[in-house]
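*Asks:* First the structure, then my questions, so here it is.
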Amino acid sequence: MDAIEITGGRPLRGEVTVSGSKNATLPQIAAALLAPGRSVFRGVPDLADIRTLGRLLAHMGARVERDGDTLSIDAADVGTPEAPYELVKTMRASVLVLGPLVARFGRARVSLPGGCAIGARPIDQHLKALEALGARIELSHGYVEAKADRLRGARILFDLPTVTGTENLMMAAALAEGRTLLENCAREPEIVALADALNSMGAQVQGAGGSAITIDGVTALRPMDLAVIPDRIEAGTLLAAALITGGDVLVRGARAEDLEAPLAKMREAGAEISVEGAGLHIVAPQRLEAVDFITAPFPGFPTDLQAQLMACLSVARGASRVVETVFENRFMHVQELSRMGADIAIDGHTAVVRGVDHLSAAPVMATDLRASASLVLAGLRAEGTTTVHRVYHLDRGYQALETKLAALGASIRRVKGTL
Ligand code: EPZ
Numbered sequence: 257m258d259a260i261e262i263t264g265g266r267p268l269r270g271e272v273t274v275s276g277s278k279n280a281t282l283p284q285i286a287a288a289l290l291a292p293g294r295s296v297f298r299g300v301p302d303l304a305d306i307r308t309l310g311r312l313l314a315h316m317g318a319r320v321e322r323d324g325d326t327l328s329i330d331a332a333d334v335g336t337p338e339a340p341y342e343l344v345k346t347m348r349a350s351v352l353v354l355g356p357l358v359a360r361f362g363r364a365r366v367s368l369p370g371g372c373a374i375g376a377r378p379i380d381q382h383l384k385a386l387e388a389l390g391a392r393i394e395l396s397h398g399y400v401e402a403k404a405d406r407l408r409g410a411r412i413l414f415d416l417p418t419v420t421g422t423e424n425l426m427m428a429a430a431l432a433e434g435r436t437l438l439e440n441c442a443r444e445p446e447i448v449a450l451a452d453a454l455n456s457m458g459a460q461v462q463g464a465g466g467s468a469i470t471i472d473g474v475t476a477l478r479p480m481d482l483a484v485i486p487d488r489i490e491a492g493t494l495l496a497a498a499l500i501t502g503g504d505v506l507v508r509g510a511r512a513e514d515l516e517a518p519l520a521k522m523r524e525a526g527a528e529i530s531v532e533g534a535g536l537h538i539v540a541p542q543r544l545e546a547v548d549f550i551t552a553p554f555p556g557f558p559t560d561l562q563a564q565l566m567a568c569l570s571v572a573r574g575a576s577r578v579v580e581t582v583f584e585n586r587f588m589h590v591q592e593l594s595r596m597g598a599d600i601a602i603d604g605h606t607a608v609v610r611g612v613d614h615l616s617a618a619p620v621m622a623t624d625l626r627a628s629a630s631l632v633l634a635g636l637r638a639e640g641t642t643t644v645h646r647v648y649h650l651d652r653g654y655q656a657l658e659t660k661l662a663a664l665g666a667s668i669r670r671v672k673g674t675l
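For the sequence shown, this note's numbering assigns the number 257 to the initial residue and increments by one for each residue that follows.
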């Protein structure tokens, strides 16, 4: 397994471009299953998770081709509406094929995703909502078996604003008979991107981005051809890299409207961030101020940037309170940051981060995607050379992050095959 070596202490300077959004691309690729024909996606990042979903669709009989950053999916010949355990276990977002398969083929057999490092991550909301649309759901041998002659529109009130739950139901309802009203929906930019994709296929989706979405079912959809939106979490991570190193960076492609909560917290910590035509320009102070923040569904502070901002606050002046409300176990980066000299006390869902003057380089272990990003950020600041092991976690959601950071002046390199 590869590792990444970082020698800290260099303020990042220059310009970097954000890649396409992983969490917008995954549901849009799943939506290609709704239409016979070839859908084309432009500006698709080369990420492990995107490759995994492509393999899953190919397993079902779709023709999947990549040409540079353009991905095409021809779902005309899909004949096996199944998502096997060996593929789903590596990426729980595979559950996004459930809605489209039931909607187009009337049946689906999808392995239950199982938990992951950051929490149990059940899919009860997805299943309850699909049953409300008329699907017959059975759980057996670790698989979800869903059947429906034709889904019928219904009113669905989610217990909580689940991102992939909202996406699954938007896709299922697109081919259902009649109107579906989804309430207490997730409001992330990726939800709006999926609605745009579905509407470009001939669906009738209104209200995405708000907490109520209306979908009027149609009898058939046509393939899409779209450019994926920029990845707001990668953009936030690159801004955090400038923040922790006292840098001066233009993050091209970053959209301020996708990052309001994190930008407010970074400004509160002392950064100057200006919106420019090309993206977001951040100038960070030598020493950050402590900042309290709490994660929440969009438009609140995104849980996917919690570990990254915590790394920055570990060297701020004063104590910061961080509350993680979305996942039950998303502080695994804390013990690794502590090995680098951070002073962080966890009490349930709250972490108190007492800023220290210096971090010291250490060998550390990545445990999940965003935790691994926070360890790279800490390495950019720590004195000495930090080695982050098991960076396959990082590769799930960041395309060559080390190359982007090196272009900004970081002393960073990938080391083949270590722990
Ligand atoms: C999406 O996961 C993202 N993944 C995650 O990003 C992100 O952290 C998460 O939303 C929250 O923003 C993709 O978009 C592919 P949820 P998702 O359903 O949809 C509970 C990354 O780093 N819940 O909004 O799985 C769940 O346990 C990844 O890119 C239920 O209880 O998240 C969690 O506590 C990590 N029952 C909370 O809701 C359900 O049926 C939010 O989950 C569904 C969810």
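Just so you know, even glycine gets a beta-carbon here, dropped at the ideal spot from N, CA and C.
1. Is Asp560 near the ligand EPZ - that is, is its Cβ less than 7 Å away from at least one heavy atom of it?
2. For Ala520 and Thr273, I'd like the C-alpha separation in whole angstroms.
3. Going along the chain, which residues of its own chain have a beta-carbon closer than 7 Å to the beta-carbon of Gly465, five neighbours each way excluded?
4. Using alpha carbons as the reference points, say which of Gly653, Asp624, Lys660 and Leu661 lies closest to Arg646.
5. Quick check: does the Cβ of His382 come within less than 7 Å of any heavy atom belonging to the ligand EPZ?
6. May I ask you to check if the CB of Arg626 is nearer than 7 Å to at least one heavy atom of the ligand EPZ?
7. What does the Cβ neighbour count give for Glu271, buried or exposed, with the cut at 16 atoms within 10 Å?
8. Cutting at 7 Å between CB atoms, please list the residues of its own chain near Thr346, excluding the five before and the five after it.
9. Is the CB-CB distance between Thr420 and Leu438 below 8 Å?
10. Tell me whether Glu444 sits in a helix, a strand or coil according to DSSP, three-state version.
11. For Ala534, which of Ala510, Gly458 and Asp305 has the nearest alpha-carbon?
12. For Ala288, does the count of other Cβ atoms within 10 angstroms reach 16, so buried, or fall short, so exposed?
13. So is the beta-carbon of Gly421 under 7 Å away from any non-hydrogen atom of the ligand EPZ?
14. Under a Cβ-count criterion, where at least 16 other Cβ atoms within 10 Å of its own Cβ denotes burial, should His614 be classed as buried or exposed?
15. Anyone know if the C-beta pair for Met453 and Ile471 falls short of 8 Å?
16. Considering only residues of the same chain and omitting the five flanking positions on each side of Ala286, which have a CB-CB separation below 6 Å?
17. Please state the DSSP three-state secondary structure of Glu401.
18. Could you give the distance in angstroms between the alpha-carbon of Ala318 and the alpha-carbon of Arg311?
19. Is the beta carbon of Phe583 within less than 7 Å of some heavy atom of the ligand EPZ?
20. If you measure from the CB of Thr346, is any heavy atom of the ligand EPZ nearer than 7 Å?
21. Determine the direct distance from the alpha carbon of Gly653 to that of Val232, and round the result to whole angstroms.
22. With DSSP as the reference, label Leu431 as helix, strand or coil.
23. Classify Glu513 as buried or exposed, calling it buried when 16 or more other Cβ atoms lie within 10 Å of its own Cβ.
24. Checking 8 Å against the spacing of the C-beta atoms, do Leu664 and Val609 come in under that value?
25. Go ahead and label Val300 buried or exposed: buried means 16 or more other beta carbons lie within 10 angstroms of its beta carbon, across all protein chains shown.
26. Please give me, in chain order, every unbroken run of the alpha helix (DSSP H) with length at least 4 that falls completely inside the region 567-600.
27. Considering only the alpha carbon of each residue, which of Ile600, His649 and Val582 lies closest to Val590?
28. Could you check what DSSP says for Met316 in three-state terms: helix, strand or coil?
*Replies:* By the coordinates alone:
1. yes
2. 21 Å
3. Arg443, Ile447 and Val448
4. Asp624
5. yes
6. yes
7. exposed
8. Thr308
9. no
10. coil
11. Ala510
12. buried
13. yes
14. exposed
15. Looking at the sequence provided, one finds Ala at residue 453 rather than Met. Result no, Cβ atoms of Ala453 and Ile471 do not sit closer than 8 Å.
16. Leu352, Val353 and Pro356
17. strand
18. 9 Å
19. yes
20. no
21. Absent from the structure is residue 232, since the part of the chain shown begins at 257 and ends at 675.
22. coil
23. exposed
24. no
25. buried
26. 589-595
27. Ile600
28. helix
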